[in-house]
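Everything below concerns the one structure shown next.
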Amino acid sequence: MDTDVARTHLCALKSFQTAVHLDPESPDPHYQLGQLYRKLGKLEAAQRELRLFERLRQGVEV
Numbered sequence: 005m006d007t008d009v010a011r012t013h014l015c016a017l018k019s020f021q022t023a024v025h026l027d028p029e030s031p032d033p034h035y036q037l038g039q040l041y042r043k044l045g046k047l048e049a050a051q052r053e054l055r056l057f058e059r060l061r062q063g064v065e066v
């Protein structure tokens with residue numbers, strides 16, 4: 005992975021983690037974080053975030 009792409013992914017990761025921290029009940033940051041984890045090959049973390057996204061989107065208490 006080239007340095008610029010790695011930097012971009014790291015910046016996005018920090019941004020999405022911050023968004024989740026600031027508003028853990030909002031589904032969209034969980035979705036974005038899950039997609040980024042998937043892209044980075046962190047499949048367990050991706051599945052966790054995407055499950056949270058689905059639950060929040062459906063209005064299920066986490």
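Following my numbering, the residues of the sequence shown are numbered contiguously, the last one being 66. For glycine and all other residues, C-beta sits at the position ideal for the given N, C-alpha and C. If you're wondering where the values come from, they're calculated on a predicted model, not measured in any experiment.
If you look at residue 28, you'll find it isn't in any alpha helix (DSSP H); DSSP assigns it neither H nor E. With respect to residue 10, residue 40 sits apart: the two C-beta atoms are not nearer than 8 Å. The three-state secondary structure of residue 62, taken from DSSP, is coil.
With contacts defined by Cβ atoms closer than 8 Å, residue 47 and residue 13 do not form a contacting pair. Between residue 60 and residue 31, the C-beta gap is smaller than 8 Å, which places the two residues in contact.
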